[in-house]
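In our numbering, the protein residues as written are 1391 to 1514.
Inspection log for the structure reproduced underneath, given as C-alpha cells.
This is the structure in C-alpha cells:
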C-alpha cells in the first residue's frame, strides 16, 4: 500500500463517506473553495484506481460508479503503523505516551475504558 497525497486523501475521504459515487457526486461533496475541476477529480480517481484504492463499475457508455477498494480502517491502520514506525521507533507505547500528555482527565478515563473494553473482547 502507498501513502496518499493530500488531494488523493481528500477524494478518498469523500468516497469512504459516500461508499460509492460518480465523479460528479464526489465533486459535489468536496468541501473546498474553489472546488476542483471535474477533470481534476477524474484524474485523481484514475490515479487512485491505479494505486489500488478505488474500483469502478460501468453504469453506461460514459458513466462509471466508483467505490473504495480498501476500507478507511485499513488505510488508517497502514498510516498509523507507518507514523509510529517513523517517529516513535516502532513503539506504540512511546506514541501513546507522547499523545497522552495532551489528554484531559476525561479523555484519559475514556482511553482506559476503551482499553479495558478491548481487553474483554480479546478474551472471548
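Note that CB positions come from ideal geometry on N, CA and C, so glycine has one too.
Helix, strand or coil, according to DSSP, for residue i in the structure here?
i	result
residue 1462	helix
residue 1479	coil
residue 1422	coil
residue 1499	helix
residue 1457	strand
On a CA-only basis, which of the options is nearest residue i? Give me that one, please.
i	options	result
residue 1401	1432, 1450, 1475	1432
residue 1413	1472, 1449, 1442, 1485	1449
residue 1439	1452, 1502, 1501, 1392	1392
residue 1482	1467, 1403, 1511	1467
residue 1422	1489, 1408, 1396, 1447	1396
Taking 6 Å as the line, does the beta carbon of residue i fall inside it for any heavy atom of the ligand NAD?
i	result
residue 1391	Judged by which ligands are present, the structure shown has none, so any question about the ligand NAD falls away.
Below 7 Å between beta carbons: does that hold for residue i and residue j?
i	j	result
residue 1406	residue 1445	no
residue 1398	residue 1434	yes
In its own chain, which residues sit with a C-beta less than 7 Å from the C-beta of residue i, not counting the 5 before and 5 after it?
i	result
residue 1484	1478
residue 1459	1442, 1443, 1444, 1445
residue 1480	1474
What are the partner residues of residue i, as DSSP defines its beta bridges?
i	result
residue 1445	1457
Please list, in chain order, all residues of the same chain as residue i whose beta carbon is under 8 Å from its beta carbon, the five residues on each side excluded.
i	result
residue 1428	1413, 1414, 1417
residue 1487	none
Please go through the same chain and pick out, in chain order, the residues whose beta-carbon is closer than 6 Å to the beta-carbon of residue i, but skip the five residues on each side of it.
i	result
residue 1410	1455, 1457
residue 1447	1455
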